[in-house]
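By the count of UniProt numbering, the sequence shown reaches residue 126 at its end, each step adding exactly one. We treat Cβ as the ideally placed atom computed from N, Cα and C, and that holds for glycine. Take a look at the structure set out below.
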Amino acid sequence: MSAEARHHIANLLHTYVEIADSKDVEAAVDLLGTARIRFPADHSADTAGARRLFSRLWTDPAPHRHDVSNLIVQSGGDGTWTARAHYTRWLFGPAPELHTLGEYTLVVDEETWRARSLTVTRTWTR
(Lines of atoms letter the chains of each structure in order from A and count residues from 1; the text may use other names and numbers.)
(Lines give C-alpha, C1' and ligand atoms only; values in the text may rest on other atoms or scores of the structure.)
Protein backbone atom coordinates (compact mmCIF):
# COMPACT_ATOMS: atom_id res chain seq x y z
CA MET A 1 0.00 0.00 0.00
CA SER A 2 2.85 2.43 0.68
CA ALA A 3 3.93 2.50 -2.99
CA GLU A 4 0.36 3.26 -4.03
CA ALA A 5 0.08 5.96 -1.36
CA ARG A 6 3.34 7.55 -2.46
CA HIS A 7 2.14 7.58 -6.07
CA HIS A 8 -1.19 9.23 -5.23
CA ILE A 9 0.35 11.75 -2.85
CA ALA A 10 3.18 12.72 -5.20
CA ASN A 11 0.63 13.23 -7.96
CA LEU A 12 -1.56 15.36 -5.67
CA LEU A 13 1.35 17.49 -4.50
CA HIS A 14 2.77 18.02 -7.99
CA THR A 15 -0.71 18.84 -9.31
CA TYR A 16 -1.01 21.49 -6.60
CA VAL A 17 2.33 23.12 -7.47
CA GLU A 18 1.45 23.11 -11.17
CA ILE A 19 -1.81 24.89 -10.27
CA ALA A 20 0.09 27.32 -8.02
CA ASP A 21 2.52 28.11 -10.82
CA SER A 22 -0.35 28.92 -13.17
CA LYS A 23 -2.17 30.81 -10.35
CA ASP A 24 -5.44 29.05 -11.23
CA VAL A 25 -7.68 29.80 -8.25
CA GLU A 26 -10.61 27.64 -9.39
CA ALA A 27 -8.37 24.63 -10.03
CA ALA A 28 -6.88 25.04 -6.53
CA VAL A 29 -10.38 25.20 -5.04
CA ASP A 30 -11.38 22.06 -6.98
CA LEU A 31 -8.29 20.23 -5.72
CA LEU A 32 -8.11 21.48 -2.11
CA GLY A 33 -11.31 23.42 -1.37
CA THR A 34 -12.66 20.99 1.22
CA ALA A 35 -9.30 20.54 3.00
CA ARG A 36 -8.01 22.53 5.95
CA ILE A 37 -5.38 24.82 4.43
CA ARG A 38 -2.85 26.75 6.48
CA PHE A 39 -0.30 29.26 5.22
CA PRO A 40 1.82 31.47 7.49
CA ALA A 41 -0.49 34.46 7.02
CA ASP A 42 -3.86 32.85 6.23
CA HIS A 43 -5.92 29.69 6.52
CA SER A 44 -9.19 28.14 5.34
CA ALA A 45 -11.42 25.20 6.14
CA ASP A 46 -14.02 25.31 3.35
CA THR A 47 -14.47 26.08 -0.33
CA ALA A 48 -15.29 29.78 0.16
CA GLY A 49 -12.28 30.21 2.42
CA ALA A 50 -10.01 28.41 -0.06
CA ARG A 51 -11.22 30.66 -2.88
CA ARG A 52 -10.49 33.75 -0.77
CA LEU A 53 -7.08 32.44 0.34
CA PHE A 54 -5.83 31.53 -3.13
CA SER A 55 -7.25 34.72 -4.67
CA ARG A 56 -5.23 36.77 -2.16
CA LEU A 57 -2.15 34.60 -2.45
CA TRP A 58 -1.88 34.87 -6.22
CA THR A 59 -2.67 38.56 -6.87
CA ASP A 60 0.83 39.36 -8.14
CA PRO A 61 0.90 38.73 -11.91
CA ALA A 62 4.68 38.09 -11.93
CA PRO A 63 5.42 34.49 -12.98
CA HIS A 64 6.93 32.05 -10.51
CA ARG A 65 7.73 28.35 -10.22
CA HIS A 66 7.75 25.88 -7.36
CA ASP A 67 10.12 22.91 -7.20
CA VAL A 68 9.38 20.06 -4.77
CA SER A 69 11.95 17.70 -3.25
CA ASN A 70 12.58 15.31 -0.34
CA LEU A 71 9.09 13.79 -0.34
CA ILE A 72 8.53 11.54 2.68
CA VAL A 73 5.24 9.60 2.95
CA GLN A 74 4.14 7.80 6.13
CA SER A 75 0.98 6.03 7.19
CA GLY A 76 -1.16 8.02 9.59
CA GLY A 77 -2.62 4.78 10.92
CA ASP A 78 -6.19 6.12 10.92
CA GLY A 79 -7.07 5.81 7.25
CA THR A 80 -4.74 8.66 6.32
CA TRP A 81 -1.27 9.17 4.94
CA THR A 82 0.97 12.09 5.85
CA ALA A 83 3.53 13.55 3.50
CA ARG A 84 6.25 16.11 4.05
CA ALA A 85 8.25 17.76 1.30
CA HIS A 86 10.58 20.70 0.80
CA TYR A 87 9.86 23.34 -1.80
CA THR A 88 11.64 26.24 -3.42
CA ARG A 89 9.84 29.11 -5.09
CA TRP A 90 11.52 30.99 -7.90
CA LEU A 91 10.43 34.40 -9.20
CA PHE A 92 10.96 35.12 -12.88
CA GLY A 93 11.98 38.64 -13.73
CA PRO A 94 14.89 39.61 -15.92
CA ALA A 95 16.64 36.63 -14.29
CA PRO A 96 15.29 33.85 -12.04
CA GLU A 97 15.59 34.62 -8.32
CA LEU A 98 15.24 32.19 -5.47
CA HIS A 99 12.51 33.72 -3.31
CA THR A 100 11.26 31.13 -0.80
CA LEU A 101 12.41 27.93 0.90
CA GLY A 102 9.69 26.05 2.74
CA GLU A 103 7.90 22.85 3.57
CA TYR A 104 4.58 21.24 2.73
CA THR A 105 2.78 18.90 5.10
CA LEU A 106 -0.12 17.10 3.47
CA VAL A 107 -2.62 14.72 5.10
CA VAL A 108 -4.49 12.57 2.58
CA ASP A 109 -7.51 10.29 2.99
CA GLU A 110 -6.56 6.70 2.13
CA GLU A 111 -9.96 5.84 0.65
CA THR A 112 -10.46 8.83 -1.67
CA TRP A 113 -6.86 10.10 -2.02
CA ARG A 114 -8.20 13.62 -1.41
CA ALA A 115 -6.34 16.09 0.78
CA ARG A 116 -7.69 16.51 4.30
CA SER A 117 -5.16 19.22 5.12
CA LEU A 118 -2.27 21.16 3.63
CA THR A 119 0.11 23.16 5.80
CA VAL A 120 2.65 25.42 4.10
CA THR A 121 5.57 26.78 6.11
CA ARG A 122 8.27 29.15 5.00
CA THR A 123 11.76 28.61 6.38
CA TRP A 124 13.22 31.53 4.47
CA THR A 125 11.82 34.27 2.23
CA ARG A 126 13.84 36.87 0.35
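Since I believe residue j is in contact with residue i (beta carbons under 8 Å), could you give me their beta-carbon distance rounded to a whole number of angstroms?
i	j	result
residue 128	Arg56	The structure shown does not extend to residue 128, since the chain is modelled only from 1 to 126, so the question has no answer here.
Trp113	Leu12	7 Å
Ala35	Ala115	4 Å
Val25	Phe54	5 Å
Counting only the same chain and skipping the five closest in sequence on each side, list residues whose C-beta sits under 7 Å from that of residue i.
i	result
Ile19	Ala27, Ala28 and Leu31
Gly76	Thr82 and Val107
Asp109	Gly79, Thr80 and Arg116
Lys23	Trp58
Leu91	Ala62, His64, Glu97 and His99
Report the rounded CA-to-CA distance for residue i versus residue j, giving the unit in angstroms.
i	j	result
Gly79	Thr121	25 Å
Asp42	Trp81	24 Å
Thr125	Pro61	18 Å
residue 127	His66	Residue 127 lies beyond the residue range present for the chain, which begins at 1 and ends at 126; the question has no answer from this structure.
Glu111	Thr105	19 Å
Leu98	His64	10 Å
Glu4	Gly102	26 Å
Please classify residue i as buried or exposed, where buried requires at least 16 other C-beta atoms within 10 Å of its C-beta.
i	result
Gly33	buried
residue 141	The requested residue 141 is not part of the displayed model; the chain covers only 1 to 126.
When the Cα of residue i is compared with those of the options, which residue comes out closest?
i	options	result
His86	Val73, Ser69 and His99	Ser69
Asp21	Ile72, Thr59 and Leu71	Thr59
His14	Ser2, Leu71, Asp46 and Pro63	Leu71
His7	Leu91, Ala50 and Val73	Val73
Ignore the nearest five residues each way along the sequence and tell me which others in residue i's own chain have a CB closer than 8 Å to its CB.
i	result
Pro40	Val120, Thr121 and Arg122
Thr100	Tyr87, Thr88, Arg89, Arg122, Trp124, Thr125 and Arg126
What does a CB cutoff of less than 6 Å around residue i pick up in its chain, not counting 5 residues either side in sequence?
i	result
Arg38	Thr119
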